[in-house]
Amino acid sequence: MRRVTLTQFLIEQQRAGRTTPELRLLIEVVARAVKAISVNVSKGALAGVLGEAGTDNVQGEAQKKLDVIANEILLQANEWGGHLAAMASEEVEEVHQIPFDYPKGGFLLLFDPLDGSSNIDVNISVGTIFSVLRNPEGEGEPTEQNFLQPGREQVAAGYALYGPSTQLILTVGDGVHGFTLDREMGSFIYTHPFMTVPNETQEFAINASNARHWEPPVQRYVGELQAGKTGPRGKDFNMRWVASMVADVHRILTRGGIFMYPLDEKCRDQGGKLRLMYEANPMAMIIEQAGGAATTGRERIMDLQPTKLHQRVPVVLGSAAEVERVTKYHLEG
Ligand code: AFP
Numbered sequence: 000m001r002r003v004t005l006t007q008f009l010i011e012q013q014r015a016g017r018t019t020p021e022l023r024l025l026i027e028v029v030a031r032a033v034k035a036i037s038v039n040v041s042k043g044a045l046a047g048v049l050g051e052a053g054t055d056n057v058q059g060e061a062q063k064k065l066d067v068i069a070n071e072i073l074l075q076a077n078e079w080g081g082h083l084a085a086m087a088s089e090e091v092e093e094v095h096q097i098p099f100d101y102p103k104g105g106f107l108l109l110f111d112p113l114d115g116s117s118n119i120d121v122n123i124s125v126g127t128i129f130s131v132l133r134n135p136e137g138e139g140e141p142t143e144q145n146f147l148q149p150g151r152e153q154v155a156a157g158y159a160l161y162g163p164s165t166q167l168i169l170t171v172g173d174g175v176h177g178f179t180l181d182r183e184m185g186s187f188i189y190t191h192p193f194m195t196v197p198n199e200t201q202e203f204a205i206n207a208s209n210a211r212h213w214e215p216p217v218q219r220y221v222g223e224l225q226a227g228k229t230g231p232r233g234k235d236f237n238m239r240w241v242a243s244m245v246a247d248v249h250r251i252l253t254r255g256g257i258f259m260y261p262l263d264e265k266c267r268d269q270g271g272k273l274r275l276m277y278e279a280n281p282m283a284m285i286i287e288q289a290g291g292a293a294t295t296g297r298e299r300i301m302d303l304q305p306t307k308l309h310q311r312v313p314v315v316l317g318s319a320a321e322v323e324r325v326t327k328y329h330l331e332g
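Numbering (numbering that gives the first Met the number 0), first residue to last: 0 to 332.
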């Protein structure tokens, strides 16, 4: 069997006019950083990278050592690549400018360097999520305003899953493609062409410990799933919650299902739990490109006009029919 590497795949995409040389090279730099993060994640306690860093991030959450390491790897790898106007990270409050002595490009890169980091110390899958936008025309250094574009403007989105194997899932707007890291060769190999979210599902993912805080439409929907064969859905559903969005979304991309971090009384004041620009938007683009749907429960995630770099939003994504049902319940209520 012919093994296609990420580089070959991207060159073929470029030849077919689906991506530009600049975007191709940018994605390759991100993939190189992902390999370095994967090495650090897999060494675990041997590299002394577990535990708290002793600092808080912009969300006021305790940073793990690996959060800080993954963030540094992504910033450093992408600073000198020459394809970016600026970067934004979950771990950095302000826009990260490209140092003046490096060439600049026309793209903006946003990322959550290590999503699910509370799972690191217990050796459960974590991931990296990224989103690429065009930098709007204009003079001077990009500001937060340059980043505040709706998700439908993304030119690429992806995530890396550091699980039993490391996988890179990518879309440049022409379907969703999956690559598996061959650790011996150090290359991402094209293993999952045109991934699709199955429409039929019997699985849901939600943090059920928040049930008492949910809004009535979510209580109704989950109640119907839990009623199983004897309820209105007429079939049994199973529940999974890894608490690493990347792992939960990857399962849905592979075998269908619905993922929800809805608005509830606990997170209402913040607008939701998950971050719009580097969690919800890239995952929404991937899920929609794979034939699924992604809403806040009320509107399409990728149509939201962001107001802040670190904005939080409710997230309902996965198999289209299920997402439509949850959204319908919200709009009826
Ligand atoms: P951490 O990166 O702080 O572990 O947060 C992970 C996350 O943003 C997302 O990946 C999970 O789906 C969600 O939070 C889990 O939240 P709960 O801990 O409230 O279940």
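The C-beta atom is built at its ideal place from N, Cα and C for all residues, glycine as well.
Since this is a predicted model, take the numbers as computed values, not measurements.
Backbone CA spacing between residue i and residue j [nearest angstrom]
i, j, result
"Pro102", "Leu65", "28 Å"
"Leu330", "Arg297", "6 Å"
"Met284", "Thr127", "15 Å"
"Val312", "Asn39", "30 Å"
"Ala30", "Leu167", "8 Å"
"Phe106", "Val28", "13 Å"
"Arg254", "Ile97", "40 Å"
"Pro112", "Leu49", "15 Å"
"Leu308", "Arg299", "18 Å"
"Val91", "Thr142", "14 Å"
"Thr4", "Gly233", "44 Å"
"Gln225", "Asp235", "7 Å"
"Pro135", "Met184", "38 Å"
"Ala203", "Met238", "Reading off the sequence, residue 203 comes out as Phe, not Ala. Approximately 5 Å between the Cα atoms of the pair."
"Phe178", "Gly227", "36 Å"
"Ala32", "Ile26", "10 Å"
"Glu205", "Leu9", "Here residue 205 turns out to be Ile, not Glu, going by the sequence shown. Each residue's Cα considered, the two are about 35 Å apart."
"Arg133", "Thr229", "50 Å"
"Arg211", "Cys266", "13 Å"
Among the options, nearest to residue i - alpha-carbon criterion
i, options, result
"Gly162", "Ser243, Leu107, Met238", "Ser243"
"Met276", "Ile123, Lys228, Gly150, Lys234", "Gly150"
"Leu316", "Thr306, Ala289, His309", "Ala289"
"Gly256", "Val28, Ala35, Ala293", "Ala293"
"Gly171", "Ala32, Ala15, Gly222", "A small correction: the amino acid at residue 171 is Val; Gly does not occupy that position in the sequence shown. Of Ala32, Ala15, Gly222, the residue nearest in Cα terms is Ala15."
"Thr18", "Val131, Thr165, Tyr158, Gln201", "Val131"
"Leu109", "Gly81, Asn70, Arg299, Gln12", "Asn70"
"Gln144", "His249, Gln304, Val314", "Gln304"
"Phe258", "Met194, Phe8, Val325, Ser41", "Val325"
"Thr54", "Val67, Glu93, Val217", "Val67"
"Gly271", "Ala246, Val314, Pro215", "Val314"
"Glu51", "Val196, Ser117, Ser318", "Ser117"
"Gln201", "Asn209, Glu223, Arg219", "Glu223"
"Met301", "Ala279, Glu321, Gln310", "Ala279"
"Val322", "Gly332, Glu287, Gln310", "Glu287"
"Ser41", "Thr295, Leu180, Leu262", "Leu180"
"Val217", "Leu74, Ser318, Lys327, His82", "Lys327"
"Gly291", "Gln75, Met194, His95, Gln148", "Met194"
"Gln148", "Leu262, Pro231, Thr306", "Thr306"
"Arg182", "Met282, Thr165, Asp263, His191", "Thr165"
Buried versus exposed, by CB contacts within 10 Å (16 or more), residue i
i, result
"Lys63", "buried"
"Ala87", "buried"
"Arg23", "buried"
"Pro20", "exposed"
"Ser186", "buried"
"Asp114", "buried"
"Ser124", "buried"
"Phe99", "exposed"
"Trp213", "buried"
"Val121", "exposed"
"Ala207", "exposed"
"Ser37", "buried"
Closer than 9 Å to chain E by CB, residue i
i, result
"Ala69", "Absent from the structure is chain E; it holds one protein chain and no more."
Supposed contact pair residue j and residue i - C-beta distance, whole angstroms, cut 8 Å
i, j, result
"Ile72", "Ala35", "5 Å"
"Tyr158", "His176", "12 Å between Cβ atoms; not a contact."
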